[in-house]
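Residue numbers for the sequence shown follow the UniProt record's numbering, so the first one is 1 and each next one is one higher.
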Amino acid sequence: YSIDWKSDLDSYFDIDPVEGTISTNELLDRENIAQHNISVVATKLNSPVLTSRVAVTVHVLDINEFPPELASPYETFVCENAKVGQNASLSAVFSQCDSTSISLSGFLTIRPDRDLKRSGKR
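So, in structure tokens, the structure goes:
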């Protein structure tokens, strides 16, 4: 087995000449190239020599390389007389690369079985 060098000018891939297993020579980055089209040649060295060629498409899956980041500040405001289970709103940015921000809905849990600690005189 071999890879037609004209189909892989940057030598992203290699192939085992006996087994035909395709492997990468370097890291692939979907943001640069989402799919690679290479041509694999199978050759049988008999008399006569027999060859076959097949097009192989390698689809590179996207992986988010950046950890999620919460938008600052990390606070929200809720009125002191808020009802149990009232929604609070937070905003998160999922990555520097994706530049996607969404509004997440969370819950402020008010536990009536707990005493509130207050400072100062009553």
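The C-beta atom is built at its ideal place from N, Cα and C for all residues, glycine as well.
Around the CB of Phe13, 16 or more other CB atoms lie within 10 Å, so the residue is classed as buried. The beta carbon of Asp8 sits closer than 7 Å to those of Ile38, all from its chain and outside the five residues before and after it, given in chain order. Counting the other Cβ atoms within 10 Å of the Cβ of Val78 gives fewer than 16, which makes it exposed. In terms of Cβ geometry, Asn25 and Ser2 do not form a close pair [threshold 8 Å]. Taking a C-beta distance under 8 Å as the contact criterion, Val41 and Thr51 qualify as a contact pair.
Ile33 is classed as exposed because its beta carbon has fewer than 16 other beta carbons within 10 Å across all chains shown. For Val56, the uninterrupted beta strand (DSSP E) segment begins and ends at Leu50 to His59.
Of the candidates Asn46, Asn64, Lys44 and Gln35, Gln35 places its Cα closest to the Cα of Ala55. Per DSSP, reduced to three states, the secondary structure at Ser7 is helical. Of Glu31, Pro17, Asn81 and Glu65, the smallest CA-CA separation from Leu45 is found for Pro17.
Under the three-state reduction of DSSP, Ile63 is assigned to coil, being neither helix nor strand.
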